[in-house]
Amino acid sequence: MNKNLRKFLILLAIAGLVYLVMLVPLFFIYPKNYIANRINFNIEYFDSLASNLDGDCYRMAREFIKECPFPARRVHLNSEHTIVEIWMNGKWYAYDPLYKIFFNRQSAVQISFDITRGYVPQYLEDYPYVNAFKKLRYYHNWYFIILNYTHPFYDKILRLYYGVAV
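Just so you know, we're using this note's numbering here: the sequence shown kicks off at 1 and counts up by one.
Written as structure tokens, this is what we have:
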């Protein structure tokens, strides 16, 4: 019986290690996310990146993420428009490459909170997708989508880790 218990504990430890190894890539999905970028960035730099792009908002956001030297992610505004968030100085900054608007150095979640509670900042009065900020969607790659169906509680942990609204 002692041998069987020992085999069972070894098997359990191996299964636990395999499970942990499966989860390790989650925190390295975003490339260069672990490098601290303490810079004074120039807004015109991002405008120059966006001026070379063609297509609709989704294609421009996708190409902007490829061209941007900083970690970036797509944000879908109520299925109407797509913007990007750029990770710099330990914070996400929302930017619209189609209209070349840097949203007053705020993240999409902060803007969404203001607009949902009825406050529209002055710099957003002429922006055509103001009401689309009421419902944000962050889409990740296939790894996150599969993880959402296989381990739903990890999806909530990852959203908290990356600062994504649930």
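Using N, Cα and C, we set each Cβ at its ideal position, and we do this for glycine too.
Counting only the same chain and skipping the five closest in sequence on each side, list residues whose C-beta sits under 7 angstroms from that of residue i.
{"i": "R137", "result": "H76"}
What separation, rounded to the nearest whole angstrom, lies between the Cα atoms of residue i and residue j?
{"i": "K3", "j": "G16", "result": "20 angstroms"}
{"i": "Y123", "j": "I157", "result": "33 angstroms"}
{"i": "K66", "j": "R6", "result": "51 angstroms"}
{"i": "K32", "j": "P69", "result": "Since pLDDT at K32 reaches only 49, below the 50 mark, its modelled position is unreliable, and the value read off the structure follows with that caveat. Approximately 9 angstroms between the Cα atoms of the pair."}
{"i": "I86", "j": "R73", "result": "7 angstroms"}
{"i": "K135", "j": "D114", "result": "12 angstroms"}
{"i": "E125", "j": "I14", "result": "57 angstroms"}
{"i": "L12", "j": "F64", "result": "45 angstroms"}
{"i": "F8", "j": "V21", "result": "20 angstroms"}
{"i": "I111", "j": "F133", "result": "7 angstroms"}
What residue range does the alpha helix (DSSP H) around residue i cover?
{"i": "R62", "result": "C57 to E67"}
{"i": "V84", "result": "No alpha helix (DSSP H) contains V84, which is instead part of the beta strand (DSSP E) from H81 to M88."}
{"i": "F113", "result": "A108 to T116"}
{"i": "L49", "result": "I43 to S51"}
To which residues of the same chain is residue i closer than 6 angstroms at the C-beta, ignoring the five residues directly before and after it?
{"i": "L98", "result": "C57 and M60"}
Could you check where the beta strand (DSSP E) with residue i kicks off and where it finishes?
{"i": "Y93", "result": "K91 to D96"}
{"i": "A72", "result": "A72 to L77"}
Can you tell me the Cβ-Cβ gap for residue i and residue j, rounded? I've got them flagged as a contact below 8 angstroms.
{"i": "D47", "j": "K100", "result": "5 angstroms"}
{"i": "Y93", "j": "R105", "result": "6 angstroms"}
{"i": "F102", "j": "I10", "result": "Rounded, the Cβ-Cβ distance is 55 angstroms, inconsistent with contact."}
Could one say the Cβ of residue i lies closer than 8 angstroms to chain D's Cβ atoms, at least one of them?
{"i": "Q110", "result": "Among the protein chains of the structure shown there is no chain D, as only one such chain exists."}
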